[in-house]
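Peer 1: Numbering (my numbering), first residue to last: 3 to 206. For glycine and all other residues, C-beta sits at the position ideal for the given N, C-alpha and C. Just so you know, these numbers come straight off a predicted model, no measurement behind them.
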Amino acid sequence: MITWYIIAALFLGVLAGYASNMMGAVWLNPIFSDTIFNLSLFALLFLMGIIFGMDRQAVSKLKETGFKILIFPFTIILGSITGGFIGALILGTDIFAAMGVCAGCGWYTLTGPLAGQLFGLKWGAIGFTVNFLRELITIVAASPASKIDRYAPVAMGGATAMDTTLPVIVRATSQDMLITAFTSGFIITLLAPFMITAIATLAG
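1) Alpha carbon to alpha carbon, how far is residue 72 from residue 78?
2) Excluding the five sequence neighbours on either side, which residues of its own chain have a C-beta within less than 7 Å of the C-beta of residue 154, listed in chain order?
3) Pop quiz: residue 194 and residue 109 are said to be a contact at Cβ under 8 Å. What is the actual Cβ separation, rounded to whole angstroms?
4) Identify which residue in 103, 97, 185, 11 has its Cα closest to the Cα of residue 135.
5) If you draw a straight line from the C-alpha of residue 151 to the C-alpha of residue 94, how long is it?
6) Pick helix, strand or coil for residue 173, following the three-state DSSP scheme.
7) Quick one: residues in its chain with C-beta nearer than 6 Å to the C-beta of residue 162, no 5 flanking neighbours on either side, listed in chain order?
8) For residue 111, does the count of other Cβ atoms within 10 angstroms reach 16, so buried, or fall short, so exposed?
9) How would you write the range of the alpha helix (DSSP H) that residue 70 sits in, first residue to last?
10) Rounded to whole angstroms, what is the Cα-Cα separation between residue 174 and residue 159?
11) Please name the residue in 191, 76, 178 whose C-alpha comes closest to that of residue 133.
12) Report the three-state DSSP secondary structure of residue 178 (helix, strand or coil).
13) Going straight from the alpha carbon of residue 125 to that of residue 70, what length do you get?
14) Enumerate in chain order the residues of its own chain whose CB-to-CB distance from residue 3 is below 8 Å, with the five nearest sequence positions on each side excluded.
15) Give me, in chain order, the residues of the same chain whose beta-carbon lies closer than 8 Å to that of residue 83; leave out the 5 immediate sequence neighbours on both sides.
16) Would you report the Cα separation of residue 91 and residue 115, rounded to the nearest angstrom?
17) Mind checking which residues open and close the alpha helix (DSSP H) that includes residue 110?
18) What does the Cβ neighbour count give for residue 156, buried or exposed, with the cut at 16 atoms within 10 Å?
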């Protein structure tokens, strides 16, 4: 049920944004996209941190996991790049550009401009779209994916697992996945720009 609420909220947000542009209230865009969004995200992460800290079982599970938690994001990056490679072979398109786009791991605001600069404007548009859809699909499909494997939503979220899709992932799995998801998303966020640039360098 929560999935439909999320979709409805996203749809209403799109309508509100479109209406504000139609009415010429463009000055509202930076207020909502920067100030309000960031404040609400920080508040949400703070509250989720409190909930996690109060859950003794989740904390004990984190201690048991240890450094194994650091391996997970690297497998996500490898899987994303491999997916881009296979997709490029199937579609008969630029292999390096496809791998670079997929190395964004859901971070569309970075991948779009960076891919456009490194691979051309067409790939910039593809990079933005593909990674935006990854985030959107994670929001919609996190719950059913968690029934297959509890780590699946974290892998789907990629870089967004540390912020925008974190609440959805935790809700779809459990509180003890909070640190796993956040750590994974954080590491991927750090590595994504370097991976995209490295792939572009290999392409020559």
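Peer 2: Short version:
1) Distance from the CA of residue 72 to the CA of residue 78, rounded to the nearest whole angstrom, comes to 11 Å.
2) Once the five neighbours on either side are set aside, the close Cβ partners of residue 154 are 147, 148.
3) About 5 Å; that satisfies the 8 Å criterion.
4) Taking only the C-alpha atoms, the option nearest residue 135 is 103.
5) Rounded to the nearest angstrom, the two C-alpha atoms are 32 Å apart.
6) In the structure shown, residue 173 sits in a helix (DSSP, three-state: H, G or I).
7) Residues of the same chain with a CB within less than 6 Å of the CB of residue 162, apart from the 5 flanking positions on each side, are 108, 137 in chain order.
8) Result: exposed.
9) No alpha helix (DSSP H) contains residue 70, which DSSP labels as neither H nor E.
10) Rounded to the nearest whole angstrom, the CA to CA distance from residue 174 to residue 159 is 12 Å.
11) Among 191, 76, 178, the Cα nearest to that of residue 133 is on 191.
12) Collapsing the DSSP output to three states places residue 178 in a helix.
13) The straight-line gap from Cα to Cα measures roughly 34 Å.
14) Confidence is the limiting factor: at residue 3 the pLDDT is only 49, short of 50, which leaves the residue's position unreliable and the question unanswerable from this model.
15) Apart from sequence neighbours up to five positions away, the residues of its chain that approach residue 83 with a beta-carbon distance below 8 Å are 101, 104, 105, 197, 201, ordered along the chain.
16) So the alpha carbons of these two residues sit roughly 24 Å apart.
17) Start and end: 110 to 121.
18) By the neighbour-count criterion, in which a residue is buried when 16 or more other Cβ atoms sit within 10 angstroms of its Cβ, residue 156 is buried.
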